[in-house]
Amino acid sequence: MAPINVPQPRCWPGKIGIATTEKQQPTERNREMMTQEDFFDKQAQKAGTRNQQSSTNETNVGRREFVKTVGAGAIALGSGLGAGLGANRTFAQEASSSTYKPVTSNYMQVHKDLVIIDGTTNLRGLDKDVKYLDWYKEGRATAVVMTISAANMVAASNVRHKDDTLDGLGFIHRLLQTRDDLLLVRSTSDIEKAKYSGKLALFLQFQNAAVVENNLDLVNMYKALGIHVMGMAYNQRNQFANGVTEPVDGGLSVFGVKLIERLNEAKIIVDVAHTGTKSGLETVWRSKSPVVLSHSNSRNYRPSPRNAPDELITAVAKSGGLVGAIMYPPFVAAKPFPTMDDYVGNIDYLVQLVGIDHVGISSDYTYQISMTPAEQKAGWKMYIDSGVWTKEAYPYDVLAYPQGIETPRTLFNLTDALLGRGYKKEDIAKLWGGNWLRVMKAVIG
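Heads up: the sequence shown begins at 415 in our numbering, then just goes up one per residue.
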């Protein structure tokens, strides 16, 4: 499908505002962002050589071992190992120092009224630091679709998928037993309970079906432990499907077809966010339930091998599913420090492509939000050297999430930006949670 020509920002009659893809003249806000990018460039240069000696030992270690290598204090939010950063300040905290200026006066009240669902976040990638859950509560989140395992890095560190995955599930269930402000989602009504009780609902996800290994009965065990979303593959080909960064666009295996049947039977949402195009389209065709791109943007709007082509996005929408617009910088814009406008532009394009009823919000917050530039470089090197990431899809070793939503503490700024772009409250309600609730109800009940 040819790219859609997106006009200058304006409100269509009866519809929402649309983002521009054309280069604009510098505004005051653009100048502020240029200053911010210059700042980060300088910080990255100062800190870039800090971990050179230690990084050579990080290639084949797991996430927790890596964190120990580069300094557990960074993940504990506050050690600040990057040269040039303020004392006890992480990279994301420096990023959020750049002032985001709200453009509406009622955004906080609107945000409080809504069911706020982040369609993908990664507590495993954040090395199980529970403070991130507190950050979500500060950002007024109702529920998070939380990744427990993506499996590939486990394979790179010679740890059985199942063992590492059960470790993550055990941690979550212990957390739920010791914190009464959290709630495990068993049915969609639990998210509604979380909204009215002030708790944070956890909706558990696997990004890679490799955790099923060669035993489909594990699908049912994972379901009993709270897993409600499962990705067919994560970038690389597994026993079921092709990954999105594989050089050959292959389809499903016979075992992959059987997996989809079991996922449908177990009432688990099938996800093709990291799945290759052919495997993704075959998954949509095979599944009897709605399929999601839990965290992705359009490859036609933002060219990246990790983003999904419009053909797959449209097929997912026709299945009754949705695409969760991802905040991860290289999938938002061709720069490591995207603006809020850059991110909302991706949302605008998806809404224009498939309609307001088939788009959600998915941050994909991961380890970068709490690391200094040097630590980010070491983490990026580990993923690149393992083969899980490619430089074409993940080009930036130092980055920050879009301005104003660098961390989940300020999710309400996105509500402000959407209001400012011309979205109505009822449409923002669909983007932030209503569409996820619809798909969840259709699949898990």
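Backbone N, C-alpha and C fix where the C-beta goes; we use that ideal spot for every residue, glycine too. If you're wondering where the values come from, they're calculated on a predicted model, not measured in any experiment.
Start-end ranges of the beta strand (DSSP E) lying completely within the region 581-615, minimum 3 residues: 596-598
Uninterrupted beta strand (DSSP E) stretches inside the region 612-670 (no shorter than 3 residues): 614-620 and 641-645
Per DSSP, cross-strand counterpart(s) of Ile683: Val643
Beta-carbon proximity check, Ser693 vs Asn656, cutoff 8 Å: yes
Glu820 classed as buried or exposed, judged by whether at least 16 other C-beta atoms fall within 10 angstroms: buried
Outcome for Ala748 when other beta-carbon atoms lying within 10 angstroms are tallied against a minimum of 16: exposed
Three-way DSSP call (helix, strand, coil) for Glu442 in this model: Any reading at Glu442 needs caution, since the residue's pLDDT is 38, under 50, leaving its predicted position unreliable; the model's value is listed next. If DSSP states are grouped into helix, strand and coil, Glu442 belongs with the helices.
CA-to-CA distance, Pro750 to Val529, given in whole angstroms: 30 Å
Alpha helix (DSSP H) segment containing Met754, residue limits: Met754 to Val768
Residues near Ser733 by beta carbon distance below 6 Å, same chain, minus five either side: Val698, Pro704 and Val705
Nearest candidate by alpha-carbon position, reference Phe745, set Lys681, Ala807, Ile775 and Asp799: Ala807
Distance between Ala792 and Asn474 (C-alpha atoms, nearest Å): In this prediction, Asn474 scores a pLDDT of 33, lower than 50, which makes its location untrustworthy; the coordinate-derived value is nonetheless stated afterwards. Rounded to whole angstroms, Asn474 to Ala792 spans 12 Å at the Cα level.
Spatially closest choice to Tyr810 from Pro787, Gly735, Arg823 and Val684, by CA coordinates: Pro787
Residue range of the beta strand (DSSP E) that includes Ser563: Ala557 to Ser563
Bounding residues of the alpha helix (DSSP H) (the contiguous stretch that carries Ser693): Thr691 to Arg700
Nearest candidate by alpha-carbon position, reference Met754, set Asp830, Asp594, Lys855 and Asn652: Asp830
Span of the alpha helix (DSSP H) around Gly834: Phe826 to Arg835
Boundaries of the alpha helix (DSSP H) in which Ser800 is found, first to last residue: Pro787 to Ser800
Check whether Ile641 and Phe669 have beta carbons under 8 Å apart: no
Residue span of the alpha helix (DSSP H) that contains Val853, given as start and end: Asn849 to Val857
Cβ shell of Thr579 (< 6 Å), same chain only, five flanking positions each side left out: Ser563 and Val625
Below-8 Å beta-carbon distance, Tyr514 vs any chain C residue: No chain C is present in this structure, which holds just one protein chain.
Backbone CA spacing between Asn760 and Ser712 [nearest angstrom]: 7 Å
Three-state secondary structure (DSSP) of Ala807: coil
Opposing strand residues paired with Tyr779 [DSSP bridges]: Thr535
Environment of Pro661 [buried if 16+ CB atoms lie within 10 Å]: exposed
The region 839-856 touching the region 542-553, judged by at least three CB pairs closer than 8 Å: no
Where Ser493 falls: helix, strand or coil (DSSP): Bear in mind that a pLDDT of 24 at Ser493, under 50, signals an unreliable position, so the number given afterwards is only what the model happens to contain. Coil, per DSSP.
Those residues which DSSP pairs with Leu726 across a bridge: In DSSP, Leu726 forms no bridge with anything.
Own chain partners of Lys839 with C-beta closer than 7 Å, once the 5 adjacent residues on each side are dropped: Val524
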